[in-house]
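Visitor:
Residue numbers (the numbering used here): 419 to 873.
1. Please report the distance separating the alpha-carbon of residue 628 from that of residue 615.
2. Pull up the DSSP beta-bridge partners for residue 643, would you.
3. Spell out whether any CB of chain C is found under 9 Å from the CB atom of residue 654.
4. Who does residue 587 pair with in a DSSP beta bridge?
5. Strictly by DSSP, which residues pair up with residue 790?
6. Would residue 550 and residue 596 qualify as a contact pair, given that the criterion is a beta-carbon distance under 9 Å?
7. Which two residues bound the contiguous beta strand (DSSP E) that contains residue 625?
8. Which residues mark the beginning and the end of the beta strand (DSSP E) in which residue 797 is found?
9. Around the C-beta of residue 729, are 16 or more other C-beta atoms found within 10 angstroms, so that it is buried, or is it exposed?
10. Please list, in chain order, all residues of the same chain as residue 538 whose beta carbon is under 6 Å from its beta carbon, the five residues on each side excluded.
11. Quick check: the Cα distance between residue 439 and residue 860, rounded to an integer number of angstroms?
12. Would you please state the rounded distance, in angstroms, between the beta carbons of residue 656 and residue 462? I believe it to be under 8 Å.
13. By DSSP's criteria, residue 543 is part of a beta bridge. Which residues make up the other side?
14. Considering only DSSP beta bridges, list what residue 804 is partnered with.
15. Just reading off the beta strand (DSSP E) that residue 830 is part of, what are its end residues?
16. Alpha carbon to alpha carbon, what distance is there between residue 843 and residue 807?
17. With 16 other CB atoms within 10 Å as the buried threshold, where does residue 580 fall?
18. Helix, strand or coil for residue 739, going by three-state DSSP, please let me know.
19. Considering only the beta carbon of each residue, do residue 471 and residue 871 sit closer than 9 Å?
20. Do residue 794 and residue 833 come within 9 Å of each other at the CB atom, strictly closer than that value?
21. With respect to the beta strand (DSSP E) encompassing residue 856, which residues constitute its N-terminal and C-terminal limits?
22. Could you name the residues that DSSP lists as bridge partners for residue 757?
23. Could you compute how far the alpha carbon of residue 838 sits from the alpha carbon of residue 645?
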């Protein structure tokens, strides 16, 4: 009997790393207040401020010595509307699967001239900073209860002007990633499923204290949680080609960074399920675990052109999201290894982003800007999940810069991402004893403010 129950439990948990993200996967655009205002259309060519050290270090040769501080706020909401069922078609009871958050993202950039045509820059930002918290009592708890990923980058860059037309640049990147994920364990369904499969007798679950009437409720739910962290390293390389003083092309590549997140995995069960967990060999357990995760490489091509007081810009970016194909917990502990034996499969594809923007210098102290962006989703229909259901997206932005003094400039930006609704059919009966069918609606608005200090 113990072997049958443990066999059923082996496929009961899939690790999820989910997030409040859109078509760019779990990458977060909001790394600059100035660039938020033009939908990040300047890319590696605009050289608009010191954030160039991150977006395209070669263009630092056009940036004056300055320090930039930004703070962005991302207002995110996601909700699932549909049916949630467990084995035998029984409904899963719980609160609606809704996640709402308002998250702050700070960033810092500095560019400094070392000699004529030779610049250095440093930055600290959080390009991977997302999370979802549906709660351990939502109808989606067996697929995604809580998840969070934070990736903090620190970069050091150099740029050199080769001649009047060409500049080159590169950066070394240190990236710290911390990830946490949690899902509920459907103990009732595991036991009843073993009965239905003939691995247990027809009354064994009742003898173990598992009441079939509680199927779909949280009464016997266990909980699986893991948190891990790692430091990884990568690089960026790029070039800037100036056709004229008012027309230029930027090319930039940022490498993938591989992480093996090491940390602690924990499985807990309520006292009401003690008979089941004892016989199944599933005691409350805390043990070490690890997960492999790769932040993907990106490549971008950007163009900037100035017409008097008006500046026009465009950016094309490509991201290799196929790096995110599955997530697997590894542990030497037999309980953790059994509960996480089945990987969470994502099978994402590459994504592409196109952005167009414009700005106008209304006066010597005031510049207004706007932009729009289109991003293709890396998630095919068959791989859409309640926590990752975002589709292709469109966004519009507005922004302004105000020169407060010779040394200080204020940047403000706002971006509205048009609401998305995507159908999902997430049948996880074989892995988490739960299935979801319906639609997920996502809404995002972003706001940012920044201060530029020239020195």
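By construction, the Cβ of each residue, glycine as well, lies at the ideal position given by its N, Cα and C atoms.
Since the model is a prediction, treat every value here as computed from it, not as a measurement.
Guide: Answer, in terms of the structure:
1. 17 Å
2. 600, 684
3. In the displayed structure, chain C is absent; only one protein chain is listed.
4. 577, 656
5. 774, 814
6. no
7. Counting along the chain, residue 625 falls outside any beta strand (DSSP E), though it belongs to the alpha helix (DSSP H) covering 622-625.
8. Neither: residue 797 is in no beta strand (DSSP E) and is coded neither H nor E.
9. buried
10. 530, 532, 576
11. At residue 439 the pLDDT is 48, less than 50, meaning the model places this residue with poor confidence; the figure from the coordinates comes in the next sentence. Those two C-alpha atoms are separated by around 9 Å.
12. 5 Å
13. 571
14. Paired residues: none, contrary to the question.
15. 826-846
16. 10 Å
17. exposed
18. helix
19. no
20. no
21. 852-872
22. According to DSSP, which records beta bridges pairwise, residue 757 is partnered with nothing at all.
23. 30 Å
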